[in-house]
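FYI, the numbering for the sequence shown is 6 to 297, going by my numbering. Virtual Cβ for every residue (Gly too), placed ideally from N, Cα, C. Worksheet: the structure to be examined is printed underneath.
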Amino acid sequence: MRIGRWMRLAGTVLVLTLAAAACGGDDEGGDGGQVNEGASFAEGTTMARLQQEGAVTIGTKFDQPLFGLKNLEGKPEGFDVEIGKLIAGELGIAEDKITWVESVSANREPFIQQDKVDFVVATYTINDKRKEVVDFAGPYYEAGQDIMVAKGNPEGIGGPDDLAGKKVCSVTGSTPAENIRTNYPDADLTEFDVYSKCAEALKNGQVQAVTTDNVILLGLISQDEESFELVGEPFTKEPYGIGVKKGDTEFRNFINDTLQKAYDDGRWLAAWDATAGKVAPEKPTPPTIDRY
Ligand code: GLU
Numbered sequence: 006m007r008i009g010r011w012m013r014l015a016g017t018v019l020v021l022t023l024a025a026a027a028c029g030g031d032d033e034g035g036d037g038g039q040v041n042e043g044a045s046f047a048e049g050t051t052m053a054r055l056q057q058e059g060a061v062t063i064g065t066k067f068d069q070p071l072f073g074l075k076n077l078e079g080k081p082e083g084f085d086v087e088i089g090k091l092i093a094g095e096l097g098i099a100e101d102k103i104t105w106v107e108s109v110s111a112n113r114e115p116f117i118q119q120d121k122v123d124f125v126v127a128t129y130t131i132n133d134k135r136k137e138v139v140d141f142a143g144p145y146y147e148a149g150q151d152i153m154v155a156k157g158n159p160e161g162i163g164g165p166d167d168l169a170g171k172k173v174c175s176v177t178g179s180t181p182a183e184n185i186r187t188n189y190p191d192a193d194l195t196e197f198d199v200y201s202k203c204a205e206a207l208k209n210g211q212v213q214a215v216t217t218d219n220v221i222l223l224g225l226i227s228q229d230e231e232s233f234e235l236v237g238e239p240f241t242k243e244p245y246g247i248g249v250k251k252g253d254t255e256f257r258n259f260i261n262d263t264l265q266k267a268y269d270d271g272r273w274l275a276a277w278d279a280t281a282g283k284v285a286p287e288k289p290t291p292p293t294i295d296r297y
């Protein structure tokens, strides 16, 4: 009798555990995988082509925790990835029909121009220089450039002016690297192709600081809190957009509509909560979409 009750209780616990694992297991995101089966698009548009093909290729980062990080199964996870899934879903394309292509900072414009990807979601700041060669939907988030140093801040760095004479790491083709080069020329800038290499260089003592968007740095810190910390306040505005082929206004409008829909029905916030929101101190509000 007593054993029987025990077994039932153990069984219930097991069922609950399995149910919890099933909910949280497969997908890091909110409802990113929701597929709009009934979507219909005007002939000749990128949306109609992708829907017909039933597949899409999306450029994202593979080494940025919280936004785009390749997991052990080789699939990227994070807020950018969830935004990518949302857009695919509205095209009627399921998650398993997405091909993810690593797009490091310097590759984003060429990958869009050369049709290596259908669009890019990769902590990609919207700015006028980039708009000369690609177009942007969004913004879907606003970050800001910040500085990461070794835990304890041994160099006493409090902001970008303190980088003079210091070795600081950022990534080729990124706005933070460009900002240091242009506005803080006394800093000794080292550039790699990805931010994980900057984090390694900081850990090894090869550089004294890493600079890029606050949320990217937060992701790196979340993986190694013993080694790194964030200093100062964000000193730029980095509105994140979705990069598309220049001139594809219909596709850009469609992505803007999709973002607005996800803002309104809560999927955007669910995607945030399931990814970057686990670490970021503040809950963001969706930025106003810039339909330029
Ligand atoms: N948001 C900045 C950029 O687009 C920095 C992050 C990155 O390199 O991806 O350049």
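Can you tell me whether residue i sits near the ligand GLU, meaning its C-beta is under 8 Å from at least one heavy atom of the ligand?
i, result
"Glu-243", "yes"
"Asp-218", "yes"
"Thr-254", "no"
"Ile-247", "no"
"Asp-128", "According to the sequence shown, residue 128 is Thr rather than Asp. At least one heavy atom of the ligand GLU is nearer than 8 Å to the Cβ of Thr-128, so yes."
"Ile-221", "yes"
"Lys-66", "yes"
"Ser-201", "no"
"Gly-178", "yes"
"Pro-181", "yes"
"Ala-148", "yes"
"Ser-110", "yes"
Apart from the five residues just before and just after residue i, which ones in its own chain have a Cβ nearer than 7 Å to its Cβ?
i, result
"Arg-53", "The sequence shown places Ala at residue 53, rather than the Arg named in the question. Phe-46 and Ala-47, listed in sequence order."
"Val-86", "Thr-65 and Gly-73"
In chain order, what residues of the same chain have a beta carbon less than 6 Å from the beta carbon of residue i, not counting five sequence neighbours either side?
i, result
"Phe-116", "Gly-64, Ser-108 and Val-122"
"Leu-55", "Val-61 and Leu-96"
"Lys-288", "none"
"Glu-255", "Thr-50"
Identify the continuous alpha helix (DSSP H) that holds residue i and give its terminal residues.
i, result
"Ile-247", "Per DSSP, Ile-247 belongs to no alpha helix (DSSP H); it is in the beta strand (DSSP E), 243 to 250."
"Glu-114", "113 to 118"
"Met-181", "Per the sequence shown, the amino acid found at residue 181 is Pro instead of Met. Element bounds for Pro-181: 180 to 188."
"Leu-235", "Run containing Leu-235: none in the alpha helix (DSSP H); it sits in the beta strand (DSSP E), 233 to 236."
"Asp-133", "133 to 136"
Please work out which residues of its chain come closer than 8 Å, Cβ to Cβ, to residue i, disregarding the five sequence neighbours upstream and downstream, and give them in chain order.
i, result
"Gly-16", "Caution applies to Gly-16, whose pLDDT of 38 falls short of 50 and renders its modelled position unreliable; the value that the coordinates give is listed next. Hits under 8 Å: none found."
Determine the extent of the beta strand (DSSP E) in which residue i is found, giving its start and end residues.
i, result
"Gly-224", "Segment 219 to 228 is the alpha helix (DSSP H) holding Gly-224; no beta strand (DSSP E) there."
"Leu-5", "The chain is shown only over 6 to 297; residue 5 falls outside these bounds and no answer can be derived."
The region 189 to 200 / the region 168 to 175 touching (three or more Cβ pairs under 8 Å): yes
Taking contact to mean 3 or more Cβ pairs, one atom from each stretch, closer than 8 Å, check whether the region 143 to 155 and the region 258 to 274 are in contact. yes
Mind the definition here: the region 206 to 219 touches the region 148 to 157 only if three or more C-beta pairs lie below 8 Å; say whether that holds. yes
Contact between the region 63 to 77 and the region 122 to 138 (3+ Cβ pairs under 8 Å): yes
Go through the region 27 to 109 residue by residue and report every complete run of the alpha helix (DSSP H) that reaches 4 residues or more, in order. 51 to 58 and 84 to 95
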